[in-house]
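Peer 1:
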Amino acid sequence: MEISDFFWNASLTELKRGYIEEKDSYICLLCGKKIEKGVIYPYENMLYEAERYMRVHIESTHQSVFKYLIGLDKKLTGITDHQNQLLRLFYQGKTDKEVQAEMGIGSISTIRHHRFSLKEKERQAKIFLAIMELFKEKDQYAPAFIPPHKTAKMVDDRYDITQEEQEKVIQKFLPEGLEGGLEKFPPKEKQRLIVLREITKNLESERIYDEKELNQILKDIYDDYVMIRRYLIEYGLVDRKADGSQYWLKK
């Protein structure tokens, strides 16, 4: 299962803490790192059991679950840039007066109104979640949608992909799998996204690639590896250093 699947299938409690528990391990929902149970992990001259070390990992690598979630694309969070900035300041423990001064908007009562609006959004979200849970119990014909990857730069109708559509596209353009390579790059945006996500399965999540290494992996799949590399970055699937010296799979 891909990390995005773990992320979107997680409960609210699991999302808040940033990891899920499996039989033999804990998995970070933010980057996919797996911590094996029964192992003692060293960190900065201290020893930690597995679950405690997962919390240490989240703090040291991601700073906090809040920081990670608030940094996701607004199409995924459903909050505006303005609300995002307010939430960041509120999370820092700033008073309404301090927030008003830093943002330079309205008055203290204006900030208080924004707090109320955010609480209203929270109440609406709870009701909507309850409606959707009840709806799923009755909707027998809903197609299985593929969740967007968390690092998507812009979530639009390209991501309206069902499991059936994905299987058909992969069968059409990669009939022999990634080992057989790609004979033709898909002409449609949605098809490209499906194929590009499939290509990332050939990349290791914890590995840093230099340009030559990445090029070779992509060249084995398609002759125009430069185009594939460009699209992987454009779709938010792969990131790189500004000078192009290192590449890695985004999580």
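Using this note's numbering, you'd call the opening residue of the sequence shown number 2 and step up by one each time. Glycine included, every Cβ here is placed at the ideal spot set by N, Cα and C.
1. Spatial neighbours of LEU16 within its chain, please: C-beta separation below 7 Å, excluding the five flanking residues on both sides.
2. Put LYS213 into one of helix, strand or coil per three-state DSSP.
3. Residues in its own chain within less than 8 Å of ASN85 by CB, not counting five upstream and five downstream?
4. Around the Cβ of PHE8, are there at least 16 other Cβ atoms within 10 angstroms (buried) or fewer (exposed)?
5. Measure from the alpha carbon of GLU212 to the alpha carbon of each residue in ASP244, LEU88 and ASP224, then state which is nearest.
6. Assign HIS114 to buried or exposed, taking buried as 16 or more other Cβ atoms, counted over all protein chains shown, within 10 Å of its Cβ.
7. What residue range is occupied by the uninterrupted alpha helix (DSSP H) comprising ASP240?
8. Within 10 angstroms of its Cβ, does HIS63 collect 16 or more other Cβ (buried), or is it exposed?
9. Can the beta-carbon of LEU197 be found less than 8 Å from the beta-carbon of LEU233?
10. What whole-angstrom Cβ distance do TYR248 and TYR210 have, given they're in contact under 8 Å?
11. What residue does the alpha helix (DSSP H) around LYS253 start on, and which one ends it?
12. For TYR69, I'd like the list of residues in its chain whose CB is within less than 6 Å of its CB, leaving aside the five on either flank, ordered along the chain.
13. How many Å lie between TYR226 and GLN93 at the Cα?
14. So what's TYR236 in DSSP terms, helix, strand or just coil?
15. Output needed for ILE28: all residues of its chain with C-beta closer than 7 Å, excluding positions within five of it in sequence on either side, in chain order.
16. Buried or exposed for ILE41, going by 16 or more other Cβ atoms inside 10 Å?
17. Locate the beta strand (DSSP E) running through ILE41, then write down its first and last residues.
18. If you drop the 5 nearest sequence neighbours on each side, which residues of the same chain put their C-beta closer than 6 Å to that of ILE109?
19. For the candidate residues ARG231, TYR54, LYS122 and LYS191, whose alpha-carbon lies nearest to that of GLU45?
20. At a threshold of 7 Å, does ILE234 count as lining the ligand PLP (C-beta to nearest heavy atom)?
21. Go ahead and label GLN167 buried or exposed: buried means 16 or more other beta carbons lie within 10 angstroms of its beta carbon, across all protein chains shown.
22. Measuring alpha carbon to alpha carbon, tell me which residue in SER26, GLY178, ILE80 and ASP82 is nearest LYS38.
23. What's the C-alpha gap between MET104 and SER61?
24. Straight-line CA distance for LYS95 to GLN172?
Peer 2: This is what the structure gives:
1. LEU30
2. helix
3. ILE71, LYS75 and THR78
4. buried
5. ASP244
6. exposed
7. Element bounds for ASP240: not the alpha helix (DSSP H) but the beta strand (DSSP E), 239–241.
8. buried
9. yes
10. 5 Å
11. No answer is possible for residue 253: the residues shown for the chain start at 2 and end at 252.
12. LEU31 and HIS63
13. 44 Å
14. coil
15. PHE7, TYR20, ILE21 and LYS35
16. exposed
17. Neither: ILE41 is in no beta strand (DSSP E) and is coded neither H nor E.
18. ASP97, LYS98 and GLN101
19. TYR54
20. Summarising the ligand content, the structure contains no ligands, and the ligand PLP is consequently not present.
21. buried
22. SER26
23. 29 Å
24. 53 Å
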